[in-house]
Structures are given as C-alpha cells and as structure tokens.
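Inspection log for the structure reproduced underneath, given as structure tokens.
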C-alpha cells in the first residue's frame, strides 16, 4: 500500500485549506486514503483504467482553487 502519513495529511489540510485536525483523525484519513490509492492502482485489472484516481493532483488543485475563491 502506498505510504501516506498522518503528518502529510495534517500538513496538506493545513496548507491547502487552513484545517486543523487531531493526530488520530489525520492517521485515520491517511489510512483510508492509502486504501483508495491502492485500489486506484488496480483499475486496469478491472477495466477502469480511464477513470482518474480520487486524489489525483488535478482534483486536489481544482478543489483548492474552488475553496480559495469561496474565501474571497
């Protein structure tokens, strides 16, 4: 499974969205996201290779832009 740490989650949420989360919540998010990343790697084997992973960079960038505009 790809490694995503609670620290990475906490820093990303803080830097992109200004969110503060507990260590336990960050670890839970990292664990769930890691499972999604693993499943996303198997899309070719189930015929979904044209579907973008749920946490791809374009999705994160678009969400960050949307939230930044909403704060203005």
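Residue numbers (my numbering): 709 to 780.
Glycine residues also receive a C-beta, built at the ideal position from the N, C-alpha and C atoms.
Can you list the alpha helix (DSSP H) stretches of 4 or more residues lying completely in the stretch 718 to 756, in chain order? 731 to 749
Report yes if the C-beta distance between residue 714 and residue 738 is below 8 Å; otherwise report no. Residue mapping note: residue 714 aligns to position 6 of the chain shown, counting from 1. Residue mapping note: residue 738 aligns to position 30 of the chain shown, counting from 1. Against a cut-off of 8 Å, the Cβ pair of residue 738 and residue 714 comes out as a contact.
Do you know how far the Cα of residue 753 is from the Cα of residue 776? For the purposes of this step, residue 776 is taken as residue 68 along the chain shown, with counting starting at 1. For the purposes of this step, residue 753 is taken as residue 45 along the chain shown, with counting starting at 1. Cα to Cα, residue 776 sits roughly 37 Å from residue 753.
Express the C-alpha separation of residue 747 and residue 771 in angstroms, rounding to a whole number. Working through the chain shown from its first residue, we reach residue 771 at position 63. Working through the chain shown from its first residue, we reach residue 747 at position 39. Cα to Cα, residue 771 sits roughly 22 Å from residue 747.
Whole-Å CB distance - residue 712 paired with residue 741, under 8 Å assumed: As a position in the chain shown, residue 712 is number 4, starting the count at 1. As a position in the chain shown, residue 741 is number 33, starting the count at 1. Your pair residue 712 and residue 741 checks out as a contact, with CB atoms roughly 5 Å apart and the cut at 8 Å.
Excluding the 5 residues flanking residue 731 on each side, which residues of the same chain have their C-beta closer than 8 Å to its C-beta? In the chain shown, the residue the question calls residue 731 occupies position 23. Excluding sequence neighbours, residue 731 sits near 714, 718.
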